[in-house]
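First residue of the sequence shown? That's 112 in my numbering, and the numbers climb one at a time after it. All residues carry an ideal CB built from backbone N, CA and C; glycine is no exception. Just so we're clear, the structure is a prediction, and the values are computed from it rather than from any experiment. Here is the structure we will look at, set down as structure tokens.
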Amino acid sequence: MENINKSRLFLASCLALITTAMTFAIRARLETVFGQEGVGLTLEEIGYAFAPAFFGFTIAMIIGGPLVDFLGIKKITWFAFITHAVGIVLTIMADSMTSLFIATLFVGIGNGFVEAALNPLITSMYSDSKTKMLNRFHVWFPGGIVIGSIVGWLVMDVLGLSWQIMVGTLFVPVIIYGVMFFGQKFPVTERVQMGVSNKKMFSSIGKPLFLFMVFCMFLTAASELGTTQRIESLLKETVAVPLLVLAFINGIMALGRLFAGGAIHKLKPSGMLLFSAIFTFIGLWLLTITSGGMTFVSAGIFAVGVTFFWPTMLGFVAEYLPETGALGLSIMGGAGMFSVSLVLPIMGNLMDNEGVNEALRTMSILPAILIVAFLGLNFYMNKKNKIAKT
112 MENINKSRLF LASCLALITT AMTFAIRARL ETVFGQEGVG LTLEEIGYAF
162 APAFFGFTIA MIIGGPLVDF LGIKKITWFA FITHAVGIVL TIMADSMTSL
212 FIATLFVGIG NGFVEAALNP LITSMYSDSK TKMLNRFHVW FPGGIVIGSI
262 VGWLVMDVLG LSWQIMVGTL FVPVIIYGVM FFGQKFPVTE RVQMGVSNKK
312 MFSSIGKPLF LFMVFCMFLT AASELGTTQR IESLLKETVA VPLLVLAFIN
362 GIMALGRLFA GGAIHKLKPS GMLLFSAIFT FIGLWLLTIT SGGMTFVSAG
412 IFAVGVTFFW PTMLGFVAEY LPETGALGLS IMGGAGMFSV SLVLPIMGNL
462 MDNEGVNEAL RTMSILPAIL IVAFLGLNFY MNKKNKIAKT
């Protein structure tokens with residue numbers, strides 16, 4: 112890794128992820144702008160307009176994953192920069208469900224290219240501490256949501272400025288990460304370093320353990336992002352400023368990921384995932400029965416649960432299925448975001464017709480399934496470790 116400035120690349124990667132995360136927070140604030148009191152869309156229509164943020168992400172991950180090995184991490188990173196910039200401009204110009212859909216698609220593709228390029232970048236640069244550094248990198252997803260939530264609150268609720276100015280603030284991290292990546296030398300992916308053939312990589316993604324993790328990624332991502340992306344509608348009747356609850360949740364997540372090293376060492380990835388599923392279930396269930404200040408308590412328990420889901424799922428695959436390479440990480444991320452694109456309209460329909468508590472109760476089924484799945488994973492991994500030691 113000669114002439115590679117790891118610290119600069121890592122910092123630039125964090126800024127790119129901050130951009131991604133800010134789009135989630137700002138999009139959550141846009142729900143009321145484009146809702147019945149603004150543009151006039153129903154919650155279900157908004158769910159469809161927001162869905163491209165997730166399936167666009169999936170498309171970029173699935174396309175970008177294999178291309179990272181062939182085109183290099185650097186080119187995919189610049190694809191992210193371009194589509195981010197286009198998506199922000201189109202969002203500022205959006206005035207209907209269709210235009211919001213197209214704008215959200217570009218933003219989603221940009222976010223997907225960020226993950227497709229930068230997760231392999233992190234694992235390539237820090238091959239001896241993958242899960243730890245992925246957690247440290249993904250600090251800036253909840254960290255960026257906190258930033259975006261506070262920016263949205265300040266711009267629209269405190270200063271009373273337009274929503275277009277709020278969206279325009281996304282250009283700040285985009286320009287900074289573009290400048291920081293400019294002219295830098297990037298490493299090759301870990302799969303290329305290991306000399307793993309394309310045939311072995313593609314055969315590895317058919318392993319039962321990998322397919323099991325993809326299934327679980329559907330449920331972990333939907334539990335986390337399906338809930339937080341619709342926080343404005345879910346909590347508008349129980350708290351005064353739902354966006355501050357979103358900031359609170361993601362503040363806890365950022366701190367948890369920052370200091371995840373010790374917990375990962377003690378529990379191992381499979382133990383961390385079981386712990387996460389239990390707390391996520393309890394938190395979601397409590398959100399169905401609490402209001403006012405107690406909502407923050409319930410949200411805090413939920414936050415402790417979802418903190419380690421995304422980076423630990425990626426870290427598990429990177430550590431125990433490294434031959435799947437960048438493609439494996441992209442499939443995982445893509446599966447997660449695709450699941451959210453499916454769940455958002457379903458949640459919108461439930462909220463329109465059955466009410467908020469019914470939507471939350473339905474969402475709590477997902478971590479309940481994960482508790483059973485991760486109990487099985489722990490049993491399998493412990494058995495596998497015992498056999499390896501004998």
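Y237 sits in coil when the DSSP states are folded into three classes, being neither helix nor strand. Annotated three-state conformation of Q304 is helix, per DSSP. As the crow flies, the alpha-carbon of I193 is around 7 Å from that of G221. The continuous stretches of alpha helix (DSSP H) do not include V266, and DSSP gives it neither H nor E. Only buried fits Y288, as 16 or more other CB atoms lie within 10 angstroms of its CB.
It is roughly 42 Å from the alpha-carbon of G255 to the alpha-carbon of I498. Remark: C-beta atoms of S260 and A358 approach each other more closely than 9 Å.
If you compare the alpha carbons of T349, A205 and R472 with that of I393, the shortest gap goes to R472. Bounds of the alpha helix (DSSP H) holding R368 are P353 to L369. The residue among D180, T188, F321 and N361 with its C-alpha nearest the C-alpha of M133 is N361. For R138, the enclosing alpha helix (DSSP H) begins and ends at K117 to V144. In the three-state reduction of the DSSP assignment, Q275 falls in the helix class, which pools H, G and I. Proximity to I276 across I286, V285 and L265 peaks at L265, based on C-alpha coordinates. A direct Cα-to-Cα measurement between V150 and S207 gives close to 7 Å. Note on R140: 16 or more other CB atoms within 10 angstroms of its CB, so buried under the neighbour-count rule.
Contact between the segment 228 to 235 and the segment 287 to 307 is present: three or more C-beta pairs spanning the two stretches fall below 8 Å.
One alpha carbon belongs to T215, the other to V144, and they sit about 15 Å apart. With fewer than 16 other Cβ atoms from the protein chains shown falling within 10 Å of its own Cβ, G466 counts as exposed.
Taken atom to atom, the span from the alpha-carbon of N116 to that of Q295 is near 8 Å.
Its Cα nearest to that of L455, the residue L345 stands out among V278, L345 and I316. Taking 9 Å as the cut-off, the beta carbon of M492 is found closer than this to the beta carbon of S381. C327 places its beta carbon 9 Å or farther from that of L122. If only uninterrupted alpha helix (DSSP H) runs of at least 4 residues are considered, none is enclosed by the segment 422 to 455.
In the three-state DSSP reduction, E469 falls in the helix class (H, G or I).
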